[in-house]
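Report on the structure given below.
Numbering (my numbering), first residue to last: 188 to 445.
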């Protein structure tokens, strides 16, 4: 699923490669090595996009002499993390590319605003206005972390819109430039569980076969244990299900409906 070809010649599905990286902390070198031959894995385009965005934000704050603000210190902290993820030995050129080299559609600002406001009618009208474009997987601009439509809907708690987007072919594992998916955002509290109003979102995403990308220091097993401890049995069962809650595996499904 979603094969990624490494420069060393080995190929892995995107979810498996992310799972390999999640075994190790940011500072551990092994997370940047091929699981088979240990050749260096270059940073993904999302990692590089985030790095460049943070560098630009930091420069803007410095030019405006705003270096004593909380925003500047937060940006510096995020930039340091991004640099650690990319790795000090990155050559500044090589980027890990997936097999889909077609750039995503960038949504207009009014659509991003409509998602935040829960205006599903306007969003769906825009998506269906041009079926030749994959608008169900459109993203915001690079300056706003290239957030997919589904991610924004999840972040804003728009459950009904999320369901519509998934039915229209939205990639349940689509990532922002920071590497965060709608699922990893949803599992956001200190225990790795969904936020107070996020259980329904989590169940929806997992039932559509979402991969589970844990934050640093967390594991799927740990989150399952927390879910059972706090009485979220259905959520724990979904996390333990091989097919993410599906009763059968769907194969050869078109990315977009006819």
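Glycine is no exception: its CB is placed at the ideal position from the N, C-alpha and C atoms.
Discussion item. Here's a check: name, in chain order, each residue in its chain whose Cβ is nearer than 6 Å to the Cβ of residue 458, leaving out the five neighbours to either side.
Written reply: There is no way to answer for residue 458, as the model of the chain reaches only from 188 to 445.
Worksheet entry | CA-to-CA distance, residue 363 to residue 267, given in whole angstroms | Looking at the two C-alpha atoms, the distance is approximately 18 Å.
Item to complete: Could you have a look at residue 191 and say whether DSSP puts it in helix, strand or coil?
Response: strand
Discussion item. Looking at residue 289: is its Cβ nearer than 9 Å to the Cβ of residue 349?
Written reply: Against a cut-off of 9 Å, the Cβ pair of residue 349 and residue 289 comes out as no contact.
Worksheet item: Between the beta-carbon of residue 335 and the beta-carbon of residue 358, is there less than 9 Å?
Response: yes
Worksheet item: Taking C-alpha atoms, which residue in 331, 330 and 391 lies nearest to residue 360?
Response: 391
Discussion item. Suppose the cutoff is 6 Å on Cβ atoms and the five residues either side in sequence are ignored; what does the same chain contact list for residue 192 look like?
Written reply: 198, listed in sequence order.
Discussion item. Using a 10 Å radius around the Cβ and a threshold of 16 neighbouring Cβ atoms, would you call residue 297 buried or exposed?
Written reply: So residue 297 counts as exposed.
Fill in: Through-space distance from residue 323 to residue 313, alpha-carbon basis
10 Å
Fill in: Close-in-space but distant-in-sequence residues of the same chain around residue 203 (CB under 6 Å, 5 per side omitted)
Correct list: empty, nothing qualifies.
Discussion item. Out of 247, 243 and 230, which one is the CA nearest neighbour of residue 275?
Written reply: 230
Discussion item. What does the alpha-carbon distance come out to for the pair residue 352 and residue 337?
Written reply: C-alpha of residue 352 to C-alpha of residue 337: approximately 7 Å in a straight line.
Discussion item. Report the start-end ranges of each alpha helix (DSSP H) in the region 221 to 259 that is 4 residues or longer and not cut off at the edges.
Written reply: 232 to 250
Practice prompt. State the Cα-Cα distance for the pair residue 277 and residue 306, rounded to the nearest angstrom.
Written response: So the alpha carbons of these two residues sit roughly 42 Å apart.
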